[in-house]
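Numbering (this note's numbering), first residue to last: 369 to 497.
The structure is reproduced here in structure tokens:
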């Protein structure tokens, strides 16, 4: 049996170039040659090769409901309490000027640490975790 070694995450979107720029800045990704030459698609990749490729494709319909899949941007790994909240808030403050929107803080409970729900520039939800 063969196992999958790589995968990409594909975003249906209205403006592939703009969304690719946002996620490149948010994650420290780079845009490969050719990804900025076409209005119908774009991409960005992790320069270290560790993370998945992100692919953005133009679709005619807009986003109307909550995502069934979302990205967790891991900025607070290993941190707890106030230290974790400070890391989440700092990353939120960095992403908002790029066009992200803060949605809500999910406070820590008996099972999970805090995370911050956000939206990218096209309204796709993601979590700062």
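Each residue gets a CB set at the ideal place from its N, CA and C atoms; glycine is no exception.
Since the model is a prediction, treat every value here as computed from it, not as a measurement.
Distance between residue 372 and residue 457, taken at the CA atoms: about 35 Å. Check the Cα spacing between residue 440 and each of 495, 426, 379: the tightest is with 495. Under DSSP, residue 469 shares a beta bridge with 487. In summary, residue 442 is exposed, with fewer than 16 beta-carbon neighbours lying within 10 Å of its beta-carbon over all protein chains present. Assigned with DSSP and collapsed to three states, residue 385 falls in helix. DSSP places residue 411 within a strand segment (E or B) once states are collapsed to three. Between residue 413 and residue 421, the C-beta gap is smaller than 7 Å, which places the two residues in contact. The straight-line gap separating the alpha-carbon atoms of residue 460 and residue 469 is approximately 8 Å. In the DSSP assignment, residue 452 falls within the alpha helix (DSSP H) that extends over 449-463. Spatial neighbours of residue 483 in its own chain (CB-CB distance under 6 Å, excluding positions within 5 residues in sequence) are listed in chain order as 474, 495, 497. The continuous stretches of beta strand (DSSP E) do not include residue 437, and DSSP gives it neither H nor E.
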